[in-house]
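Peer 1: Before we start, here is the structure in question, set down as structure tokens.
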Amino acid sequence: MANSDTLDRPATKSKGGAMTKTNEGRFFEDYTVGQVIRHAVPRTVSGGERALYHALYPARHALYSSDLFAQSCGLPSAPIDDLAAFHVVFGKTVPDVSLNAVANLGYAEGRWVTPVWPGDTLRSESEVIGLKQNSNGKTGVVWVRTRGLNQHDELVMEYVRWVMVRKRDADAAAPETVVPELKPVLAVGDLSIPAGLDFTGYDFELAGEPHRWGDYEIGEKIDHVDGVTVEEAEHMMATRLWQNTAKVHFDATFRPDGQRLIYGGHVISMARALSFNGLANAQMIVGLNAGAHANPCFSGTTVRAWSEVLDKAKTEAPGVGAVRLRLVATSAGGSMELKGDDGKYLPHVLLDLDYWALMPV
Amino acid sequence: MANSDTLDRPATKSKGGAMTKTNEGRFFEDYTVGQVIRHAVPRTVSGGERALYHALYPARHALYSSDLFAQSCGLPSAPIDDLAAFHVVFGKTVPDVSLNAVANLGYAEGRWVTPVWPGDTLRSESEVIGLKQNSNGKTGVVWVRTRGLNQHDELVMEYVRWVMVRKRDADAAAPETVVPELKPVLAVGDLSIPAGLDFTGYDFELAGEPHRWGDYEIGEKIDHVDGVTVEEAEHMMATRLWQNTAKVHFDATFRPDGQRLIYGGHVISMARALSFNGLANAQMIVGLNAGAHANPCFSGTTVRAWSEVLDKAKTEAPGVGAVRLRLVATSAGGSMELKGDDGKYLPHVLLDLDYWALMPV
Amino acid sequence: MANSDTLDRPATKSKGGAMTKTNEGRFFEDYTVGQVIRHAVPRTVSGGERALYHALYPARHALYSSDLFAQSCGLPSAPIDDLAAFHVVFGKTVPDVSLNAVANLGYAEGRWVTPVWPGDTLRSESEVIGLKQNSNGKTGVVWVRTRGLNQHDELVMEYVRWVMVRKRDADAAAPETVVPELKPVLAVGDLSIPAGLDFTGYDFELAGEPHRWGDYEIGEKIDHVDGVTVEEAEHMMATRLWQNTAKVHFDATFRPDGQRLIYGGHVISMARALSFNGLANAQMIVGLNAGAHANPCFSGTTVRAWSEVLDKAKTEAPGVGAVRLRLVATSAGGSMELKGDDGKYLPHVLLDLDYWALMPV
Numbered sequence: 001m002a003n004s005d006t007l008d009r010p011a012t013k014s015k016g017g018a019m020t021k022t023n024e025g026r027f028f029e030d031y032t033v034g035q036v037i038r039h040a041v042p043r044t045v046s047g048g049e050r051a052l053y054h055a056l057y058p059a060r061h062a063l064y065s066s067d068l069f070a071q072s073c074g075l076p077s078a079p080i081d082d083l084a085a086f087h088v089v090f091g092k093t094v095p096d097v098s099l100n101a102v103a104n105l106g107y108a109e110g111r112w113v114t115p116v117w118p119g120d121t122l123r124s125e126s127e128v129i130g131l132k133q134n135s136n137g138k139t140g141v142v143w144v145r146t147r148g149l150n151q152h153d154e155l156v157m158e159y160v161r162w163v164m165v166r167k168r169d170a171d172a173a174a175p176e177t178v179v180p181e182l183k184p185v186l187a188v189g190d191l192s193i194p195a196g197l198d199f200t201g202y203d204f205e206l207a208g209e210p211h212r213w214g215d216y217e218i219g220e221k222i223d224h225v226d227g228v229t230v231e232e233a234e235h236m237m238a239t240r241l242w243q244n245t246a247k248v249h250f251d252a253t254f255r256p257d258g259q260r261l262i263y264g265g266h267v268i269s270m271a272r273a274l275s276f277n278g279l280a281n282a283q284m285i286v287g288l289n290a291g292a293h294a295n296p297c298f299s300g301t302t303v304r305a306w307s308e309v310l311d312k313a314k315t316e317a318p319g320v321g322a323v324r325l326r327l328v329a330t331s332a333g334g335s336m337e338l339k340g341d342d343g344k345y346l347p348h349v350l351l352d353l354d355y356w357a358l359m360p361v
Numbered sequence: 001m002a003n004s005d006t007l008d009r010p011a012t013k014s015k016g017g018a019m020t021k022t023n024e025g026r027f028f029e030d031y032t033v034g035q036v037i038r039h040a041v042p043r044t045v046s047g048g049e050r051a052l053y054h055a056l057y058p059a060r061h062a063l064y065s066s067d068l069f070a071q072s073c074g075l076p077s078a079p080i081d082d083l084a085a086f087h088v089v090f091g092k093t094v095p096d097v098s099l100n101a102v103a104n105l106g107y108a109e110g111r112w113v114t115p116v117w118p119g120d121t122l123r124s125e126s127e128v129i130g131l132k133q134n135s136n137g138k139t140g141v142v143w144v145r146t147r148g149l150n151q152h153d154e155l156v157m158e159y160v161r162w163v164m165v166r167k168r169d170a171d172a173a174a175p176e177t178v179v180p181e182l183k184p185v186l187a188v189g190d191l192s193i194p195a196g197l198d199f200t201g202y203d204f205e206l207a208g209e210p211h212r213w214g215d216y217e218i219g220e221k222i223d224h225v226d227g228v229t230v231e232e233a234e235h236m237m238a239t240r241l242w243q244n245t246a247k248v249h250f251d252a253t254f255r256p257d258g259q260r261l262i263y264g265g266h267v268i269s270m271a272r273a274l275s276f277n278g279l280a281n282a283q284m285i286v287g288l289n290a291g292a293h294a295n296p297c298f299s300g301t302t303v304r305a306w307s308e309v310l311d312k313a314k315t316e317a318p319g320v321g322a323v324r325l326r327l328v329a330t331s332a333g334g335s336m337e338l339k340g341d342d343g344k345y346l347p348h349v350l351l352d353l354d355y356w357a358l359m360p361v
Numbered sequence: 001m002a003n004s005d006t007l008d009r010p011a012t013k014s015k016g017g018a019m020t021k022t023n024e025g026r027f028f029e030d031y032t033v034g035q036v037i038r039h040a041v042p043r044t045v046s047g048g049e050r051a052l053y054h055a056l057y058p059a060r061h062a063l064y065s066s067d068l069f070a071q072s073c074g075l076p077s078a079p080i081d082d083l084a085a086f087h088v089v090f091g092k093t094v095p096d097v098s099l100n101a102v103a104n105l106g107y108a109e110g111r112w113v114t115p116v117w118p119g120d121t122l123r124s125e126s127e128v129i130g131l132k133q134n135s136n137g138k139t140g141v142v143w144v145r146t147r148g149l150n151q152h153d154e155l156v157m158e159y160v161r162w163v164m165v166r167k168r169d170a171d172a173a174a175p176e177t178v179v180p181e182l183k184p185v186l187a188v189g190d191l192s193i194p195a196g197l198d199f200t201g202y203d204f205e206l207a208g209e210p211h212r213w214g215d216y217e218i219g220e221k222i223d224h225v226d227g228v229t230v231e232e233a234e235h236m237m238a239t240r241l242w243q244n245t246a247k248v249h250f251d252a253t254f255r256p257d258g259q260r261l262i263y264g265g266h267v268i269s270m271a272r273a274l275s276f277n278g279l280a281n282a283q284m285i286v287g288l289n290a291g292a293h294a295n296p297c298f299s300g301t302t303v304r305a306w307s308e309v310l311d312k313a314k315t316e317a318p319g320v321g322a323v324r325l326r327l328v329a330t331s332a333g334g335s336m337e338l339k340g341d342d343g344k345y346l347p348h349v350l351l352d353l354d355y356w357a358l359m360p361v
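Protein chains in written order, with UniProt numbering: chain C, 1 to 361; chain H, 1 to 361; chain A, 1 to 361.
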């Protein structure tokens, strides 16, 4: 057990020079490649988190909704949504990685390995795998590989994230640059299929749509139609649920424009839930290749979504296929375009996520 | 297990003529009398749904609040609220019955048969029992009898609902008219009393009011006094909790006036919870005779409620009486009047519900 | 079991003189010293309440978040937050004590004795321990000692509260004045340490901060930095969750200014959760010495918090120290001042709470 002597939290000083007890977060200089951060505040989840996930998002994927349906697919019971697992794991990294972050730059090599069941306790650890100071000397990019573990010390999920972080002192020397080599796309062989998963007896009627893995074509685009106008109370409750307490989501006095930036993960979950309409059988998220929070989202926005099939592959598990999907959240419906001629995301694009999901063959 | 070949979902075509994967819902022509629709997305409930029901509504009926109180009334533990069971069952019908509905016309023959316990999984099935095209040829009325079943294939509850549905093609021929004969009021003998229910040792002090079945007179009206001003985030979370994703409740761009129509069931539950004040001992809802969502409800409305005792009867169960109640939700307090001289609901009336509840004798 | 004949609820008459069934609450004349009120609507809690508490407040104290962490501290599993227990117990007293209250004057002698676990059922009882009519004859102060009990009839927590209550009839004679002697501060010996609690193996890294009991100095002030802008839907859901249905929190037509007063307990929990930043290891709240809801709080306020260490002491339990803390919630950050030259709370002070918490030595 760690005691207070072994903690690597940087000493913080108040304005007057005395030691304060509050967390000022890590600045760019506080990271070293190879460092492992054991994030705080482990979290036990229950049917309460599952109910709340269903209240916050129009979540209808049957595997997460019904114990019986999950059992008919070879699982012991309905797991907590894969994205809920992500949010819990991510939320624990925020006090250590995000407090002085300027921007969330990307994700890679996200793999879901062990489902999360009611009663499980999750904790997070992150290894610093890259550092690169920016030429302006005021910020730098930090790459971390975060692992979420359950009470059996099993890997629940992992992902790489990189963020632009402020420096405490612009004159501090730059660390040696280390830029990790990351797979832009996970191969199907990199994916982990939950033990026992079997879609050979999959009930398409109870699932809500008849579309099989074989019915989707690479390049196909699906407009998920429905929109949800998001509210302040919802996104704050959703973000707090994962113990993500980043000020910008909660404090209307933080930004000069008085707006509370919606946690990007809230947009991910909203879009994923909306994607049920056309992708009801993309049940389990098992890989995350990339993600860009293209434009900020605020309360009052009507979020819509569309998807594109990027790739398909079979897996070893009975009746289980894998689809690689682009999930796009927008603040306006219409054409399914992502970027302008300048190569930048169009202003109505909120999210561009590249992930693998499992679907009955 | 159903496979995709046997689904009866109508083929949907995109504007360009290609098959789309999203659900356009059923139009009037897609229904046939006798058809059974096995609705999708079964749902397992837990203490999470019970906690959320208590957060969303000022629900204080003791039988649903306390395992001990429920046990003192002969039940194994506190069931999930009867209206929560209704919302779950109803929510599953929405993608199949409501997507192209113009108006919700009425309810009848609603019976609650088996309580819902944390851990239960519910699914819904509907049989089409009536069809009548409107003279304008653009819409028609569809009657469905919906049954909610649990994981033991026991009937949890059932009800008849009829909706006005758009036609896909105004020129399509009208089906043979079938209008079901429905009981305007269930007789006490039609009601199902949960097994083991026994009010002989009912604790009136812990229940919150001293009024017994014998203290209520037919014709008596009760003003429940309290008002709750409803908010967008709440009604959306409440509606989503039941996996009811009808656009009009969530998308502020859907209606020309930019408002999100509040799910009628949210008003039902709010009014029922408010009715605790004066009807604290009307514990279990066992029958639904009729219901009209008289006027739409939107965020910012202060909902109030009053009730009228329509009938009373004893039951076979020890100490258990039945009361037939009219529950009225309003957007303004004051006189307990329902309709104007023209026979239409007064503008401040939101809901007129006719139901049977069980009360200690 | 109580039957309706033995209830002591005062007879209520409608304006027309007939008996109404709704609860008009107790007026000052309805209280007698020594009277015991057995409050209604017991409540079973589950993981659902724990999840909701984490969604409503940025709660990160590890003992309540993680079963494993709680077990590492000698408890069977993670209890429900001590303040959640308080809100449940308090909420049940509202229909009997608060309906005609003009002001909440103070708290004293609050002791938490038995943690609350998912599955527990709580009920509340209050003994009237003091009465004092005000000289204007229109109101009087009522002191109650409220006890929360679980399903084993174990004392979960207790506290004394006094409120100013309206008189029904200004001409009614004043009762004999009884003003209870209350301890302004509980001694450490008055506190109850949960059975089995053991902080000798406390994991500071997983807890989130390295600060031990020995690192805090009496007189030290800690600014918790973060602010949360509160919303209508959240505070209403939070208050309803505890079955506290006092109109002023829910009905925007109740106050002339159209505002819904936020339940003071919502501010307590928000401030306590914010205090994690600097007091992450003040894990268990075991005593409440005093509390003032200094100024009202409304939606749109950005709540911040600071704390002051008032006292410290060791306890009998292994590795467990006690800290006495002042917790202040404000509607604006800045100087950590409480009162102006006139001895009144400054306008930006929302809450001043004096409590004991347990911390690893």
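The beta-carbon is built from N, C-alpha and C at its ideal position, and this holds for glycine as well.
Could you compute how far the alpha carbon of A/Gly74 sits from the alpha carbon of H/Ser46?
Peer 2: Start at 1 with the first residue of the third sequence, and residue 74 of chain A comes out as number 74. Start at 1 with the first residue of the second sequence, and residue 46 of chain H comes out as number 46. Distance between the alpha carbons of A/Gly74 and H/Ser46 is about 28 Å.
Peer 1: If contact means a Cβ-Cβ distance below 8 Å, which residues of the region 248 to 282 of chain C contact chain E?
Peer 2: Of the chains in the structure shown, none is chain E; the protein chains are C, H and A.
Peer 1: Grouping DSSP H, G and I as helix and E and B as strand, with all else coil, what is C/Lys92?
Peer 2: Position 92 of the first sequence, counting from 1, holds the residue named residue 92 of chain C. Residue state, collapsed to three classes: helix.
Peer 1: Relative to the C-alpha of A/Ala282, which candidate in A/Ser126, A/Thr239, A/Lys312 has its C-alpha closest?
Peer 2: Locating residue 282 of chain A in the third sequence gives position 282, counting from the first residue. Checking every option, the nearest Cα to that of A/Ala282 belongs to A/Lys312.
Peer 1: When the Cα of residue 394 of chain H is compared with those of A/Arg304, A/Thr121, A/Leu155, which residue comes out closest?
Peer 2: Outside the displayed range of chain H (1 to 361) lies residue 394 of chain H, so it cannot be described from this structure.
Peer 1: Taking contact to mean at least 3 C-beta pairs separated by less than 8 Å, is the region 245 to 264 of chain C in contact with the region 29 to 37 of chain C?
Peer 2: No, they do not touch.
Peer 1: Looking at the strands, I want to know which residues DSSP matches up with A/Gln259.
Peer 2: Taking the first residue of the third sequence as 1, we reach residue 259 of chain A at position 259. Bridge partners of A/Gln259: none, in fact.
Peer 1: Nearest chain H C-beta to C/Gly300 closer than 9 Å, yes or no?
Peer 2: Counted from its first residue, the first sequence places residue 300 of chain C at position 300. Judged by the 9 Å Cβ criterion, C/Gly300 is in contact with chain H.
Peer 1: Spell out whether any CB of chain H is found under 9 Å from the CB atom of C/Met359.
Peer 2: Position 359 of the first sequence, counted from the start, is the residue given in the question as residue 359 of chain C. Closer than 9 Å: no.
Peer 1: Put A/Asn289 into one of helix, strand or coil per three-state DSSP.
Peer 2: The residue given as residue 289 of chain A occupies position 289 in the third sequence. Strand, per DSSP.
Peer 1: Output the residue ranges of the beta strand (DSSP E) runs that lie fully inside the region 174 to 261 of chain A and measure 3 residues or longer, sorted by chain position.
Peer 2: Runs found: 221 to 223.
Peer 1: Which bits of chain H does C/Ala62 rub up against, with CB to CB less than 8 Å?
Peer 2: Walking along the first sequence from the start, residue 62 of chain C turns up at place 62. Chain H residues near C/Ala62: Ala40, Val41, Pro42.
Peer 1: Tell whether a beta-carbon distance below 9 Å holds between C/Val309 and C/Ile218.
Peer 2: For the purposes of this step, residue 309 of chain C is taken as the residue at position 309 of the first sequence. For the purposes of this step, residue 218 of chain C is taken as the residue at position 218 of the first sequence. Yes, these two residues count as a Cβ contact at 9 Å.
Peer 1: Is the beta carbon of A/His224 less than 9 Å from the beta carbon of A/Leu274?
Peer 2: As a first step, residue 224 of chain A must be located in the third sequence, where it is residue number 224. As a first step, residue 274 of chain A must be located in the third sequence, where it is residue number 274. Cβ atoms of A/His224 and A/Leu274: closer than 9 Å.
Peer 1: Which stretch, first to last residue, makes up the beta strand (DSSP E) that contains A/Gln133?
Peer 2: Within the third sequence, the letter at position 133 stands for residue 133 of chain A. Taken as a continuous stretch (DSSP letters only), the beta strand (DSSP E) holding A/Gln133 covers 121 to 133.
Peer 1: For H/His87, which residues in chain A fall below 9 Å Cβ to Cβ?
Peer 2: The residue you call residue 87 of chain H lines up with position 87 of the second sequence. Near H/His87 there are no residues of chain A at all, since even the closest Cβ is about 16 Å away, more than 9 Å.
Peer 1: Hey, does H/Val230 have any beta-carbon neighbour from chain C nearer than 9 Å?
Peer 2: Looking up residue 230 of chain H in the second sequence gives position 230. No, H/Val230 does not count as interfacial toward chain C.
Peer 1: Interface residues of chain A around C/Leu241 at Cβ under 8 Å?
Peer 2: Mapped onto the first sequence, residue 241 of chain C falls at position 241. Correct list: Ala51, His54, Ala55.
Peer 1: Is the Cβ-Cβ distance between H/Val209 and H/Leu279 less than 9 Å?
Peer 2: As a position in the second sequence, residue 209 of chain H is number 209, starting the count at 1. As a position in the second sequence, residue 279 of chain H is number 279, starting the count at 1. At residue 209 of chain H the sequence reads Glu, which differs from the Val that was named. Yes, they are a contact pair.
Peer 1: Give a yes or no on whether 9 Å exceeds the smallest Cβ distance from C/Ala2 to chain A.
Peer 2: By one-based count along the first sequence, residue 2 of chain C stands at place 2. Because the pLDDT of C/Ala2 is 37, which lies under 50, any placement of that residue in the model is unreliable, and the question is left without a value.
Peer 1: If we call anything under 9 Å between Cβ atoms a contact, is A/Ser66 one with C/Arg161?
Peer 2: Mapped onto the third sequence, residue 66 of chain A falls at position 66. Mapped onto the first sequence, residue 161 of chain C falls at position 161. Not in contact: A/Ser66 and C/Arg161 (Cβ atoms no closer than 9 Å).
Peer 1: Would you please state the rounded distance, in angstroms, between the beta carbons of C/Ser77 and C/Trp117? I believe it to be under 8 Å.
Peer 2: Locating residue 77 of chain C in the first sequence gives position 77, where the first residue counts as 1. Locating residue 117 of chain C in the first sequence gives position 117, where the first residue counts as 1. At roughly 7 Å, the Cβ-Cβ gap stays under 8 Å, so C/Ser77 and C/Trp117 are in contact.
Peer 1: Measuring only the C-alpha atoms, how far is H/Ile135 from H/Asp30?
Peer 2: Translated into positions along the second sequence, residue 135 of chain H becomes position 135. Translated into positions along the second sequence, residue 30 of chain H becomes position 30. Correcting the residue identity first, residue 135 of chain H is Ser in this sequence and not Ile. Roughly 18 Å separates the two Cα atoms.
Peer 1: Strictly below 7 Å CB to CB, what residues from chain C border H/Thr177?
Peer 2: Within the second sequence, the letter at position 177 stands for residue 177 of chain H. The contacting residues do not exist; H/Thr177 stays about 29 Å from chain C at best.
Peer 1: H/Asn23 touches chain C at which residues, Cβ-Cβ below 9 Å?
Peer 2: Here residue 23 of chain H refers to the residue found at position 23 when the second sequence is read from its first residue. Correct list: Gly208, Glu209, Val225, Asn277, Gly278, Ala280.
Peer 1: What does a CB cutoff of less than 6 Å around C/Arg38 pick up in its chain, not counting 5 residues either side in sequence?
Peer 2: Taking the first residue of the first sequence as 1, we reach residue 38 of chain C at position 38. Contacts found: Glu125.
Peer 1: Could you tell me which residues DSSP puts in a beta bridge with H/Met284?
Peer 2: Residue 284 of chain H sits at position 284 when you count from the first residue of the second sequence. Its beta-bridge partners are H/Leu358.
Peer 1: Need the endpoints of the beta strand (DSSP E) that A/Gly140 sits in, please.
Peer 2: Within the third sequence, numbered from 1, the residue matching residue 140 of chain A stands at position 140. Where A/Gly140 is concerned, the enclosing beta strand (DSSP E) stretches over 139 to 149.
Peer 1: On the CB-based measure, 16 or more other CB atoms within 10 Å of its CB, does A/Thr200 come out buried or exposed?
Peer 2: Taking the first residue of the third sequence as position 1, residue 200 of chain A is located at position 200. Looking at its Cβ environment, which holds fewer than 16 other Cβ atoms inside 10 Å, A/Thr200 is exposed.
Peer 1: Give me the subset of the region 161 to 172 of chain C whose CB atoms are less than 8 Å from a CB atom of chain A, sorted by chain position.
Peer 2: The residues in question: there are none.
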